[in-house]
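As given, the protein sequences belong to chains D and H, one line each in that order.
When you number the first sequence by the working numbering, it's gap-free, plus one each residue, and the end is 637.
When you number the second sequence by the working numbering, it's gap-free, plus one each residue, and the end is 1637.
For every residue, glycine included, the Cβ atom is placed at its ideal position computed from N, Cα and C.
As the structure is a computational prediction, the values presented were derived from the model and not from experiment.
There are 2 protein chains.
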Amino acid sequence: MEELKKYVSVKDDQFYHQGAVELLVFNFLLILTILTIWLFKNHRFRFLHETGGAMLYGLVMGLIIRYAAKASDVGSGTVYECEKLKSGPSNLLINITNQIYEYQYKREISHHNVNDAQGNAMLQKMAFDPSIFLNILLPPIIFHAGYSLKKRHFFRNLGSILTYAFLGTAISCIVIGLIMYGFVKAMIHIGQLKGWEFHFTDCLFFGALISATDPVTVLAIFHELHVDTDLYTLLFGESVLNDAVAIVLTYSISIYSPKENPNAFDAAAFFQSVGNFLGIFAGSFAIGSSYAVHLTKFTKLCEFPMLETGLFFLLSWSAFLSAEAAGLTGIVAVLFCGVTQAHYTYNNLSPDSQMRTKQLFEFMNFLAENVIFCYMGLALFTFQNHIFNPLFIFGAFVAVFVARACNIYPISFLLNLGRKQKIPRNFQHMMMFSGLRGAIAFSLAIRDTESQPKQMMFTTALLIVFFTVWVFGGGTTPMLTWLQIRVGIDPDEDLKAETASQSASNLDKNTTKTESAWLFRIWYGFDHKYLKPILTHAGPPLTTTLPEWCNPLARLLTSPSAYGDQMKDGNTDYILNHDELAENFESSAHIPVPAQDQTGSTQSTGKEDIHEGDLGLGAYKLQLEHPAGQPKMNSSA
Amino acid sequence: MEELKKYVSVKDDQFYHQGAVELLVFNFLLILTILTIWLFKNHRFRFLHETGGAMLYGLVMGLIIRYAAKASDVGSGTVYECEKLKSGPSNLLINITNQIYEYQYKREISHHNVNDAQGNAMLQKMAFDPSIFLNILLPPIIFHAGYSLKKRHFFRNLGSILTYAFLGTAISCIVIGLIMYGFVKAMIHIGQLKGWEFHFTDCLFFGALISATDPVTVLAIFHELHVDTDLYTLLFGESVLNDAVAIVLTYSISIYSPKENPNAFDAAAFFQSVGNFLGIFAGSFAIGSSYAVHLTKFTKLCEFPMLETGLFFLLSWSAFLSAEAAGLTGIVAVLFCGVTQAHYTYNNLSPDSQMRTKQLFEFMNFLAENVIFCYMGLALFTFQNHIFNPLFIFGAFVAVFVARACNIYPISFLLNLGRKQKIPRNFQHMMMFSGLRGAIAFSLAIRDTESQPKQMMFTTALLIVFFTVWVFGGGTTPMLTWLQIRVGIDPDEDLKAETASQSASNLDKNTTKTESAWLFRIWYGFDHKYLKPILTHAGPPLTTTLPEWCNPLARLLTSPSAYGDQMKDGNTDYILNHDELAENFESSAHIPVPAQDQTGSTQSTGKEDIHEGDLGLGAYKLQLEHPAGQPKMNSSA
């Protein structure tokens, strides 16, 4: 994208074609990756995932560019003085030998980076703009993750996932921060890092950014081998939410500014940071989930899948942009937007659009992921300000390992105290093993590489990504065998079996199995009774779930098809059997309608409205007698 | 995209959020457009197409921004002197009050534009980079056009389409150039355009860029109403190829540089321009069509639709970039890449990928188109260097009208001399009417708005686009009625009926109907006998079509399934009846195999190869006896 930017912005022929050539190099690498991966998949080699392959090819290409290309750009590397300006304007007009050139503000640059940064024009051109990752490439990846969360299993394990994501990431961040601070102290002691400013907050910053796990390689193998769904969900859910936490945490730490001594603890600033974290997180969550439009509920856009898909895409992107414009984090917003879209909007879409949106984001995810990993490989040789410090790197590897252990084992122990279905030892080991680092850690690290500590962190983060993706990613299959984790499970079978036992148990309010249940049950009840009917065509009619005095509103918001659609709640959340359903609704459905007819207190909405309500319930009763068919409300209304 | 660029490149918070806000404005406009269009489609109003709607909303938003936003950017508008530099480097480092800022080269700017261009920061921010259109937004549109050309009807009318596209566009360009030159002379005469340089080549330049028709609105209605397929194909094919011609023509004219007097005719420079045109066109064509990979024929990528789709996308993009990198025009390359992909690669893809690629490009086309039209609306008020010259605008409208008439009627007359199935009068009127101007004319006009003549051309082109899209686009349905053009034709019915009569006639070498046939027949024969079998799994085995001495190569290149797949040539190009097929192959299939067995001259390829050839033909004969079934070659081999 930075390539695109360069490509489109410079008209001069030489630069112009340069841009095309660079993009071609990238395309070529990605094509190579695809072909290699096809070869591997065809032969069922599972030790190299496409992201690993992309990284490898990037690495090779970086090596070639590094040592084959020559410095050629004349005139850069020189700093010009300008006394007339007080600050950098966004556009600068410069008169050079009677030709006026327009320059666009790019960035502030540190004095110590001026020389290295300007050395090799080719390397410079191969460098993406760092903010591209967080603003262009990551959002589709994160959205896709949110959009493809296995809903049922996700909500069932919600408590555990949230604990891993919030508490676990916080633990990981602090543990890494502390260990790194120890190493930094030691490095200063032995005389490295002379003249650097390296505070505890910097260590925490590193801890936060490297805490974002990205087990895409592992998850791909899990998916392929049909590993136990609970393990998959725990790991996937943790990694998705943990990204959001790590991103907001990194941001909160980077704006933590104690008033006086940066090394001393400043309670006010600390609490302000905590407040920032909570505020940003909650705000982004709110914006993201509010974009799950019920627009799609009342428009019959489903006749035009292209319009529907377009609307879906634009709204999701708007969620990102709104959060950014409001000074929050767009990525978190887009994640929750994805989750809510999957949960509500998805059900309003036409089948055609459901597939289109899924495939579109799958494709964008695929491309973006491979571009990032390919670029990581490239960056190892083409990034010009690497600082390899063996001690720091060693420290980071130790810290990451220890922090992962401090995250998984204690939290699993705590969770097992409350969970009906325990997280077994081998699952814990697998989760420990699956703490890969990837795109998010890299994107956070590359965002700011101005100061030397940040450059050292970037280099270290890159090495950690390489190591974990190749070693742990490649070792997933042997590890699964070694830990005797069962594979080849059909998730639908699993679901049906459990649903059968659970639909009985849950409605009887007896939890017999599987649950960290209370959170799930509260959520499920609220969601099923109120949110689903308001936002989608599914769920019980609101007239039956809301209190009496809300009836006019309820009838307005309830989709006509809700009265009938009940039984085939497309969502596979629950497959209720008919007895239960009948029972469930005979008890509740009788209350509102007669009450309304008798009291007449809600007649302000007019007769048509009441009629529609009646009709709805009438049809619903009809539906109970003929559960297979679905009455067309539109034709009879 | 320029928005994206701004968005990602500037870190400073204020600018950063500004970028998000601008993109949000765009998203908002597009969402509005989608909802409006849904409303219109739902009520079957056909007078406003989504592109027209996008333009309208863009216009309104432009008006708001124009008069509601205030100038705020301090420091821009001032030109700084720099004596130390001799030319503009790509990156500039400037020391401002001891902080070093990096600036990126954006463009050269004319002296007379310095003041207006810098007035309003908001307007400036709303301006896309002009090269975005040709490099980012148009390629998917053009590719999609090529990819969705109705193949059979397209090739059947190939001669007519090529004539309209090449000869017609050339006529249009010259006629407009001449008329505009007259108007310019008149304007100079009455004292307008003082001090401007306005040569005949500039007029021709305008003629070339405004000759690119874009009847997207009309075609959408045609598609919806199922208008006569031949008319649709003629119009669609003309508009698609004519874009390519206009783009290359514009480029050729812009680099036409006579040595001495720019007003005098310079034969050498003229022929160089013609040579340029032919070279660029042929080169782009070659690059574009060479990316129709038979990579996909031999890899069994179809088991992994995501990889396949990714590969398809990357290869198509590579076609564009390769052409650009080679100094040719990427758009033309991408167009022919689309056509060839549809003709060959498409048949090698798995059904899943066929749908994915179609939907992906459909979606990209939809978004890009609406962004461009929305931006056009915006540009009418936010572009800061408009030059409205009533006489020039009037002249341009007249010229466009006259040129379209000089294009369609004489060429149709000529074509009808040769065509079996004449182009009727009402079709000609409809084609005359459908000469809308759109995205390509706009993109070509906005690419260079430095000099005053170019600014005047841009303004005029914009107005022509507005007028034609709204007036002619909106008037399509009444016009169809008025011209009594039949609608509601099922293209498949049409196809079957004609195919039945034609498959008999064509193979007997008697053309009874419809054709400007000789070009088509030559092409079809070559394509069916050689290209299809080489590039796809379809078509007759190469062993039967190539001369004897090519047998080893032929057997290598022929897909095993070609021997059997024959009959169900998925392409609907021809549905041959079995007698013909049998006859066709009994005559040709006997020759190569015995010849090879007797002479032994081609045994260098080994026995397996021969065996496979035999097996293939054996199975093929089997297939003739049981035409309904399709033998699985893989299982028996």
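Mapping the DSSP letters down to three states, classify glutamate 102/D as helix, strand or coil.
Taking the first sequence and counting its residues from 1, one reaches residue 102/D at position 102. The three-state reading of DSSP puts glutamate 102/D in strand, counting E and B together.
Hey, quick one: how far does the alpha helix (DSSP H) through glutamate 324/D stretch, first residue to last?
Translated into positions along the first sequence, residue 324/D becomes position 324. Residues 305 to 325.
Run through the DSSP bridge pairs and tell me what arginine 437/D is partnered with.
Within the first sequence, residue 437/D is the residue found at index 437, counting from 1. Its beta-bridge partners are Thr213/D.
State the DSSP-derived secondary structure class of proline 424/D, mapped to helix, strand or coil.
By one-based count along the first sequence, residue 424/D stands at place 424. Coil at proline 424/D, not helix or strand.
Alpha carbons only, please: which of Ser1318/H, Tyr1375/H, Asn1407/H is nearest the one belonging to alanine 1333/H?
Stepping through the second sequence from its first residue, residue 1333/H is reached at position 333. Of all alpha-carbon atoms in Ser1318/H, Tyr1375/H, Asn1407/H, the one lying nearest the alpha-carbon of alanine 1333/H is that of Ser1318/H.
Which chain H residues sit within Cβ distance under 8 angstroms of methionine 306/D?
Taking the first sequence and counting its residues from 1, one reaches residue 306/D at position 306. Per Cβ cutoff of 8 angstroms: Glu1362, Phe1363, Phe1366.
Nearest to asparagine 365/D by alpha carbon, out of Thr36/D, Glu50/D, Ala20/D?
Taking the first sequence and counting its residues from 1, the one referred to as residue 365/D is at position 365. Considering only alpha carbons, the answer is Glu50/D.
Beta-carbon neighbours of asparagine 347/D, restricted to chain H and to distances below 8 angstroms:
Counted from its first residue, the first sequence places residue 347/D at position 347. Neighbours of asparagine 347/D on chain H: none; closest Cβ ~19 angstroms, over 8 angstroms.
Select from Asp1230/H, Asp1214/H, Asp1202/H the residue whose C-alpha is nearest the C-alpha of leucine 1157/H.
Mapped onto the second sequence, residue 1157/H falls at position 157. For clarity, residue 1157/H is asparagine in the given sequence; the question names leucine instead. Selection Asp1230/H, Asp1214/H, Asp1202/H evaluated against asparagine 1157/H yields Asp1230/H as nearest (Cα-Cα).
So is glutamine 359/D in contact with chain H if we call contact Cβ pairs under 8 angstroms?
Along the first sequence, one-based indexing puts residue 359/D at 359. For glutamine 359/D, a Cβ of chain H is located within less than 8 angstroms of the residue's own Cβ.
Quick test of the definition: if touching needs 3 or more C-beta pairs under 8 angstroms, does the segment 1227 to 1245 of chain H touch the segment 1157 to 1173 of chain H?
Taking one beta carbon from each stretch, the segment 1227 to 1245 of chain H and the segment 1157 to 1173 of chain H have 3 or more pairs nearer than 8 angstroms; the two touch.
Cβ-based neighbour list, phenylalanine 1361/H, same chain, cut-off 7 angstroms, excluding 5 preceding and 5 following
Your numbering for residue 1361/H matches position 361 in the second sequence. Correct list, in chain order: Pro1140, Phe1143, His1144, Tyr1147.
Assuming glycine 1058/H and leucine 1029/H make a contact with CB atoms under 8 angstroms, what is their CB distance in whole Å?
Translated into the one-based positions of the second sequence, residue 1058/H becomes position 58. Translated into the one-based positions of the second sequence, residue 1029/H becomes position 29. Correct: roughly 6 angstroms between the Cβ atoms.
By how many angstroms is the C-alpha of leucine 219/D removed from the C-alpha of phenylalanine 155/D?
On the first sequence, position 155 is the one that residue 155/D refers to. On the first sequence, position 219 is the one that residue 219/D refers to. About 19 angstroms.
In the structure shown, what three-state DSSP assignment does aspartate 527/D receive?
Translated into positions along the first sequence, residue 527/D becomes position 527. DSSP, reduced to helix, strand and coil, places aspartate 527/D within a helical segment of the structure shown.
Here's a check: name, in chain order, each residue in its chain whose Cβ is nearer than 8 angstroms to the Cβ of alanine 323/D, leaving out the five neighbours to either side.
Residue 323/D sits at position 323 when you count from the first residue of the first sequence. Cβ within range, chain order: Gly283, Ser284, Ile287, Gly288, Thr329, Gly330, Val332, Ala333, Val334.
Going by CA-CA distance only, name the one from Leu23/D, His199/D, Leu380/D that's closest to glutamine 452/D.
As a first step, residue 452/D must be located in the first sequence, where it is residue number 452. When each option's Cα is compared against that of glutamine 452/D, the closest is His199/D.
Buried/exposed call for valine 1245/H, threshold 16 Cβ in 10 Å:
Position 245 of the second sequence holds residue 1245/H. That one is buried.
Distance, Cα to Cα, isoleucine 1247/H vs threonine 1217/H?
Your numbering for residue 1247/H matches position 247 in the second sequence. Your numbering for residue 1217/H matches position 217 in the second sequence. Taking the straight line joining both Cα atoms gives about 21 angstroms.
For serine 316/D and isoleucine 280/D, which I take to be in contact (beta-carbon distance under 8 angstroms), what is that distance rounded to the nearest angstrom?
Mapped onto the first sequence, residue 316/D falls at position 316. Mapped onto the first sequence, residue 280/D falls at position 280. Actually they are not in contact, since the Cβ atoms of serine 316/D and isoleucine 280/D sit about 20 angstroms apart, beyond 8 angstroms.
Between the segment 200 to 209 of chain D and the segment 170 to 190 of chain D, can you find at least three pairs of beta-carbon atoms closer than 8 angstroms?
The segment 170 to 190 of chain D is in contact with the segment 200 to 209 of chain D.
Does DSSP classify glutamate 50/D as helix, strand or coil?
Position 50 of the first sequence, counted from the first residue, corresponds to residue 50/D. Glutamate 50/D: helix per DSSP, three-state reduction.
Can you pull the chain H residues whose beta carbon is under 7 angstroms from the beta carbon of valine 21/D, in chain order?
Numbered from 1 along the first sequence, position 21 holds the residue referred to as residue 21/D. Within 7 angstroms Cβ-Cβ: Ala1325.
Backbone CA spacing between leucine 367/D and leucine 1278/H [nearest angstrom]:
For the purposes of this step, residue 367/D is taken as the residue at position 367 of the first sequence. For the purposes of this step, residue 1278/H is taken as the residue at position 278 of the second sequence. If you take the alpha carbons of leucine 367/D and leucine 1278/H, they lie about 36 angstroms apart.
Cβ-Cβ distance between phenylalanine 1373/H and threonine 309/D below 8 angstroms:
Within the second sequence, residue 1373/H is the residue found at index 373, counting from 1. Within the first sequence, residue 309/D is the residue found at index 309, counting from 1. Not in contact: phenylalanine 1373/H and threonine 309/D (Cβ atoms no closer than 8 angstroms).
State the Cα-Cα distance for the pair leucine 138/D and arginine 437/D, rounded to the nearest angstrom.
Translated into positions along the first sequence, residue 138/D becomes position 138. Translated into positions along the first sequence, residue 437/D becomes position 437. So the alpha carbons of these two residues sit roughly 14 angstroms apart.
Alpha helix (DSSP H) containing tyrosine 181/D: first to last residue?
Position 181 of the first sequence holds residue 181/D. According to the DSSP assignment, tyrosine 181/D belongs to the alpha helix (DSSP H) that extends over 169 to 189.
Going along the chain, which residues of its own chain have a beta-carbon closer than 7 angstroms to the beta-carbon of alanine 208/D, five neighbours each way excluded?
Sequence index remark: in the first sequence, residue 208/D carries index 208 (1-based). Cys173, Ala246, Leu249, Thr250, Ile253.
Starting from the beta carbon of serine 322/D, find every residue of chain A whose beta carbon is closer than 7 angstroms, and list them in chain order.
Absent here is chain A; the protein component of the structure consists of chains D and H.
Is it true that the segment 1378 to 1397 of chain H meets the segment 1446 to 1461 of chain H, where meeting means three or more beta-carbon pairs spaced less than 8 angstroms apart?
The segment 1378 to 1397 of chain H, when compared against the segment 1446 to 1461 of chain H, does touch it at the 8 angstroms Cβ threshold.
Beta-carbon of leucine 209/D versus every beta-carbon of chain H: anything under 8 angstroms?
Start at 1 with the first residue of the first sequence, and residue 209/D comes out as number 209. For leucine 209/D, the answer is no, since every Cβ of chain H falls outside 8 angstroms of its Cβ.
Can you look up leucine 328/D in the DSSP assignment and give me helix, strand or coil?
The sequence position of residue 328/D within the first sequence is 328, counting from 1. In the structure shown, leucine 328/D sits in coil (DSSP, three-state: anything other than H, G, I, E or B).
Applying the criterion that 16 or more other CB atoms from any shown protein chain within 10 Å of the CB defines a buried residue, is isoleucine 423/D buried or exposed?
One-based indexing of the first sequence puts residue 423/D at position 423. Under a 10 Å Cβ-count criterion, isoleucine 423/D is classified as buried, with 16 or more other Cβ atoms of the shown protein chains found around its own Cβ.
How is the alpha helix (DSSP H) around aspartate 352/D delimited, first residue to last?
One-based indexing of the first sequence puts residue 352/D at position 352. That run of the alpha helix (DSSP H) goes 351 to 382.
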